[in-house]
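Participant: Chains as they are written, first to last, in our numbering: chain D, 1 to 303; chain H, 1001 to 1341.
Glycine included, each C-beta is placed from N, C-alpha and C at the ideal position.
Computed from a predicted model, the values in this text were never measured in an experiment.
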């Protein structure tokens, strides 16, 4: 039963990772922009939701506030900075968005201080349900899984079944052609960037009550999202989804079970130290393994 | 390819270019050598420590520039090798201090002439491993993978409680050199200055060698180079390893300078800072990383002295530099030099 519970935890973590890496993939896939400030949007979502929740006490408003703030910040960033970087090489994009991280992190520091904000779990969602006999699972985490899966499904429908999705897919491979067909590419780019920001904000909102809301939270998950993108294959939302689930499961299961396994092989304190080291790099080891076998990632987009 | 490196290679014009450049180099060398006595005279001894930091970061930035500027490989994990070099020194020192042995086999040491080669070897070996895997990809995946590997190294050292974990390792004294007193800050500055000069010359030799041309050629047109029979992977890997060794050297010196190493040295923001130095100064130029390192260290020091929120202003300045200039400070100086011949 504890294994099942940890698997669910892994799926829940994987879903957060998916929301992050889907945004990265969309923005990179269609616009060719590598956005390091994506993690900052996650942080903005988390902070905004925490503030709205503290003032109004409403879960729904907090959710809306978080994703609205992240999407608005994303659109602002696209308008002021990223728009000027489409034609530049990746180096300039990396550096400009790195500068944005410094700015956003320090601003958050000035506004909210270094102390992490703890977001109270909404009382209506703080209970647990019995899924199977002996498997009691927190309602909140279950909701995160359901919400994440429905967002993933919605994203697939958007990309594969709608006109906007068609343009997004076409723009990823044949940018000039899309422009020639009379599509307002500038607007499309802004919209895609906003959508990516919205997803990052959503990830931040739902992570708030599980982890603590603090400066620098965005970068930790950003790097994991990178790993997911590499595992799944760059430019493929499907790849991001499976990569995120695999990475979330590996990370969670390693953290949960490695100490136990290693303790059967060696002394307690050594085992704990080694296990904590190994489990924090397990996802990177997974990435190295995938790279060795398939450098392009598990489900790479079309070349 | 920058215009001045082109000019110096196109025959007769190089003669007219080299003389003023040589003069400038000698002048800068004399100025740098005069720094400690001048600092003492003007009652600003802190300038020596600052200049030492500039030299150390310049080595790290120059080594990064080899892959980033000349090789066109955007690696976001260079701080890992910087930190590994630092930890090699710190770990050797700790084993020396409590006269134990690393892995029960290798004795510790407090000799700079042992610590530095070990640091460079460790970093080069790590670069060989990480590079061999990362170079299987290119472009954006390469950026992400180098970043992820650097994080892996970072977390490894955070969890290594035997070597301080999060808190890092203190060194009671700097490593020793025969006949020189490394505890004297001015002497240590000269050591770093020499190391930076040596690395500068090495880089200059590398980029003007056949190897350097192939590396630049691969950046400009990989397919053409492959058609000429060049195997890109090997050249890039060798460049990556050399760059790793250079970062290891810088890390070893930094550990000695601060007498402290911590995982912060290999945090990914440090990689970003090193990249900023290269870009700020001018990627793919010899002097760019030196200028960039100096600009960055001075900027950080000045801003940090004025305000607690210096990172905010640093961010705005860097953003402006990236958005508004092309080619960094070296190009800016070059343009100014050409404007008034």
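1. Which residue spans inside the region 19-75 of chain D form an unbroken beta strand (DSSP E) run of at least 3?
2. Determine, using beta carbons only, whether residue 219 of chain D and residue 101 of chain D come nearer to each other than 9 Å.
3. For residue 1111 of chain H, which residues does DSSP report across the bridge?
4. Could you name the residues that DSSP lists as bridge partners for residue 138 of chain D?
5. If we ignore side chains and look at the alpha-carbon of each, how far apart do residue 40 of chain D and residue 1108 of chain H end up?
6. In three-state DSSP terms, what is residue 1323 of chain H?
7. Rounding to the nearest angstrom, what Cα-Cα distance links residue 1300 of chain H and residue 221 of chain D in this structure?
8. Where does the unbroken alpha helix (DSSP H) through residue 1270 of chain H begin, and where does it stop?
9. Report the three-state DSSP secondary structure of residue 1230 of chain H (helix, strand or coil).
10. Who pairs with residue 1033 of chain H in a beta bridge, going by DSSP?
11. Note down the Cα distance separating residue 1262 of chain H from residue 1211 of chain H, rounded to an integer number of angstroms.
12. Would you say residue 63 of chain D and residue 213 of chain D are within 9 Å of each other, going by their C-beta atoms?
13. Got a sec, what are the start and stop residues for the alpha helix (DSSP H) residue 174 of chain D sits in?
14. With DSSP collapsed to three states, give me the class of residue 1169 of chain H.
15. Return the bridge partner residues of residue 1261 of chain H from the DSSP annotation.
16. For residue 1006 of chain H and residue 1208 of chain H, what's the separation of their Cα atoms in angstroms?
17. Near residue 148 of chain D, what residues of its chain come up, given a Cβ to Cβ distance below 7 Å and the 5 sequence neighbours on each side ignored?
18. What are the boundary residues of the alpha helix (DSSP H) that includes residue 1308 of chain H?
19. Just checking: is the beta-carbon of residue 99 of chain D within a distance shorter than 9 Å of some beta-carbon in chain H?
20. Buried or exposed: which applies to residue 160 of chain D, given that a residue is buried once 16 or more other Cβ atoms fall within 10 Å of its Cβ?
21. Does residue 188 of chain D come out as helix, strand or coil in the three-state DSSP assignment?
22. I'd like to know whether the C-beta of residue 1311 of chain H is nearer than 9 Å to at least one C-beta of chain D.
23. How would you list, in chain order, the residues of chain H whose beta-carbon sits under 7 Å from the beta-carbon of residue 34 of chain D?
24. Where does residue 265 of chain D sit, in a helix, a strand or coil, going by DSSP?
25. Would you please verify whether the beta carbon of residue 1084 of chain H is less than 9 Å from any beta carbon of chain D?
26. List the residues of chain B that residue 223 of chain D touches, going by C-beta distances under 8 Å, in chain order.
27. Check whether the region 65-74 of chain D touches the region 1230-1244 of chain H, taking contact to mean three or more Cβ pairs, one atom from each stretch, closer than 8 Å.
28. Counting only C-beta atoms, is residue 105 of chain D closer than 9 Å to chain H at any point?
29. Report yes if the CB atom of residue 103 of chain D is closer than 9 Å to the CB atom of residue 1102 of chain H, and no otherwise.
30. Should residue 1273 of chain H be labelled buried (16 or more other beta-carbon atoms within 10 Å of its own) or exposed?
31. Measuring alpha carbon to alpha carbon, tell me which residue in H/1071, H/1098, H/1193, H/1159 is nearest residue 1138 of chain H.
32. My parser needs the alpha helix (DSSP H) runs of 4 or more residues fully inside the region 88-132 of chain D; what are they?
33. If you follow the alpha helix (DSSP H) that residue 962 of chain H is part of, which residue opens it and which one closes it?
34. Taking residue 230 of chain D as part of the alpha helix (DSSP H), name the residues at either end of that continuous run.
35. In chain order, what residues of the same chain have a beta carbon less than 6 Å from the beta carbon of residue 26 of chain D, not counting five sequence neighbours either side?
36. Any C-beta of chain H sitting closer than 9 Å to the C-beta of residue 284 of chain D?
Facilitator: Let me lay it out:
1. none
2. Position 219 of the first chain, counted from the first residue, corresponds to residue 219 of chain D. Position 101 of the first chain, counted from the first residue, corresponds to residue 101 of chain D. A contact, by the Cβ cut-off of 9 Å.
3. Residue mapping note: residue 1111 of chain H aligns to position 111 of the second chain, counting from 1. DSSP, once it has assigned bridges, lists H/1176 as partnering residue 1111 of chain H.
4. Here residue 138 of chain D is taken as the residue at index 138 of the first chain, counted from 1. According to DSSP, residue 138 of chain D bridges with D/128.
5. For the purposes of this step, residue 40 of chain D is identified with residue 40 of the first chain, where counting begins at 1. For the purposes of this step, residue 1108 of chain H is identified with residue 108 of the second chain, where counting begins at 1. Approximately 43 Å, taken between the alpha carbons.
6. Translated into the one-based positions of the second chain, residue 1323 of chain H becomes position 323. In the structure shown, residue 1323 of chain H sits in a helix (DSSP, three-state: H, G or I).
7. Taking the first residue of the second chain as position 1, residue 1300 of chain H is located at position 300. Taking the first residue of the first chain as position 1, residue 221 of chain D is located at position 221. Taking the straight line from one Cα to the other gives about 27 Å.
8. What you label residue 1270 of chain H is simply residue 270 of the second chain in a count that begins at 1. 1268-1281 is the extent of the alpha helix (DSSP H) around residue 1270 of chain H.
9. One-based indexing of the second chain puts residue 1230 of chain H at position 230. Residue state, collapsed to three classes: coil.
10. As a first step, residue 1033 of chain H is located in the second chain; it is residue number 33 there, counting from the start. None; residue 1033 of chain H has no bridge partner.
11. Position 262 of the second chain, counted from the start, is the residue given in the question as residue 1262 of chain H. Position 211 of the second chain, counted from the start, is the residue given in the question as residue 1211 of chain H. The straight-line gap from Cα to Cα measures roughly 35 Å.
12. If you number the first chain from 1, residue 63 of chain D lands on position 63. If you number the first chain from 1, residue 213 of chain D lands on position 213. Their beta carbons are not under 9 Å apart, which means residue 63 of chain D does not touch residue 213 of chain D by this criterion.
13. Numbered from its first residue, the first chain carries residue 174 of chain D at position 174. Careful: residue 174 of chain D lies outside any alpha helix (DSSP H) and carries neither H nor E.
14. Taking the first residue of the second chain as position 1, residue 1169 of chain H is located at position 169. It is a strand residue.
15. Locating residue 1261 of chain H in the second chain gives position 261, where the first residue counts as 1. In the DSSP output, where bridge partners are listed per residue, residue 1261 of chain H has H/1169.
16. The sequence position of residue 1006 of chain H within the second chain is 6, counting from 1. The sequence position of residue 1208 of chain H within the second chain is 208, counting from 1. Unreliable placement is indicated for residue 1006 of chain H, whose pLDDT of 44 sits below 50; the coordinate value is still reported in the next sentence. In a straight line, the C-alpha of residue 1006 of chain H is about 11 Å away from that of residue 1208 of chain H.
17. Looking up residue 148 of chain D in the first chain gives position 148. Answer for residue 148 of chain D: 15, 18, 19, listed in chain order.
18. One-based indexing of the second chain puts residue 1308 of chain H at position 308. Unbroken run through residue 1308 of chain H: none, as it is neither H nor E.
19. On the first chain, position 99 is the one that residue 99 of chain D refers to. Yes, contact with chain H.
20. Within the first chain, residue 160 of chain D is the residue found at index 160, counting from 1. By the 10 Å Cβ count, residue 160 of chain D comes out exposed.
21. The sequence position of residue 188 of chain D within the first chain is 188, counting from 1. Residue state, collapsed to three classes: helix.
22. Your numbering for residue 1311 of chain H matches position 311 in the second chain. Chain D, which has a Cβ nearer than 9 Å to the Cβ of residue 1311 of chain H, makes this yes.
23. By one-based count along the first chain, residue 34 of chain D stands at place 34. Near residue 34 of chain D (Cβ distances below 7 Å), the residues of chain H are 1140, 1143.
24. Translated into the one-based positions of the first chain, residue 265 of chain D becomes position 265. Of the three classes helix, strand and coil, the one that applies to residue 265 of chain D here is coil, per DSSP.
25. Here residue 1084 of chain H corresponds to residue number 84 of the second chain, with the count starting at 1. For residue 1084 of chain H, the answer is no, since every Cβ of chain D falls outside 9 Å of its Cβ.
26. The structure shown contains no chain B; its protein chains are D and H.
27. no
28. Within the first chain, the letter at position 105 stands for residue 105 of chain D. True, the Cβ-Cβ gap to chain H drops below 9 Å.
29. Along the first chain, read from residue 1 onward, the residue named residue 103 of chain D stands at position 103. Along the second chain, read from residue 1 onward, the residue named residue 1102 of chain H stands at position 102. No, these two residues do not count as a Cβ contact at 9 Å.
30. Counting from one through the second chain, the residue named residue 1273 of chain H turns up at place 273. It counts as buried.
31. Stepping through the second chain from its first residue, residue 1138 of chain H is reached at position 138. Considering only alpha carbons, the answer is H/1071.
32. 90-112
33. Only positions 1001 to 1341 of chain H appear in this structure, which leaves residue 962 of chain H out of reach.
34. Mapped onto the first chain, residue 230 of chain D falls at position 230. Residues 217-232.
35. Translated into positions along the first chain, residue 26 of chain D becomes position 26. If we look at residue 26 of chain D and ignore the five residues flanking it on each side, its Cβ neighbours are 192, 196.
36. By 1-based counting over the first chain, the position of residue 284 of chain D is 284. At least one chain H Cβ lies under 9 Å of residue 284 of chain D.
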